[in-house]
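In UniProt numbering, the protein residues as written are 1 to 170.
Pasting the structure below:
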């Protein structure tokens, strides 16, 4: 017997073709959406990485600035300590050399001029004496004048100013 043709076969084939086409379209759309999502995620990851790199560089620059400042302060402290040591050494050597000045023949005339100066400052009735470290002490009417070799040496060193700085700037 001859086979009868299925009258719904063309409809079924058309429906299957449409379903396949729709599935292909949905798969293509899903692939496109997945690619767009991946591209957006990659772009966001790149932006986050770039922002993190910039923040890291900024933080590193800030840390570097703090470290440089600390190093400058530390170096300055070392320099100041060395300068102070040189100044103290100069003063110590000057103080050690002072007693020898009393043996110098020029000391007595210099001390006499210093005594005359003390009398000018304090008055003619000033009581003058020579301290053990050399120089002149004077007192009159409750006022005192001290012109010791050590005080005069300190004064000379202090007034040398920039000349003393030459000890550590050469």
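Yeah, the Cβ is synthetic: ideal placement off N, Cα and C, and Gly gets one too.
Query: Look at the alpha carbon of residue 45 and the alpha carbon of residue 70, and state the distance between them as a whole number of angstroms.; Result: 37 Å
Query: Considering only DSSP beta bridges, list what residue 128 is partnered with.; Result: 138
Query: In angstroms with no decimal places, state the Cα-to-Cα distance between residue 127 and residue 140.; Result: 6 Å
Query: Helix, strand or coil, according to DSSP, for residue 145 in the structure here?; Result: strand
Query: What do you get for residue 56, buried or exposed, if any count of 16 or more other CB atoms within 10 angstroms of its CB means buried?; Result: exposed
Query: Is the Cβ-Cβ distance between residue 192 and residue 122 less than 9 Å?; Result: This structure leaves residue 192 out entirely; the chain is present only between 1 and 170.
Query: Just tell me which of 124, 120, 125 and 145 has its CA closest to the CA of residue 131.; Result: 145
Query: Throw me the rounded Cβ distance for the residue 162 and residue 94 pair, which I believe falls under 8 Å.; Result: Residue 162 to residue 94, Cβ: 18 Å. No contact.
Query: How many angstroms separate the CA atom of residue 137 from the CA atom of residue 99?; Result: 17 Å
Query: Using only CA atoms, which one of 58, 87, 103 and 28 lies nearest to residue 165?; Result: 87
Query: Here's the rule I'm using: 16 or more other beta-carbon atoms within 10 Å means buried, otherwise exposed. How should residue 16 be labelled?; Result: exposed
Query: What separation, rounded to the nearest whole angstrom, lies between the Cα atoms of residue 147 and residue 91?; Result: 17 Å
Query: Are there 16 or more other CB atoms within 10 angstroms of the CB of residue 149, so buried, or fewer, so exposed?; Result: buried
Query: If you draw a straight line from the alpha carbon of residue 118 to that of residue 108, how long is it in whole angstroms?; Result: 15 Å
Query: Can you name the start and end residues of the alpha helix (DSSP H) that residue 56 belongs to?; Result: 9–101
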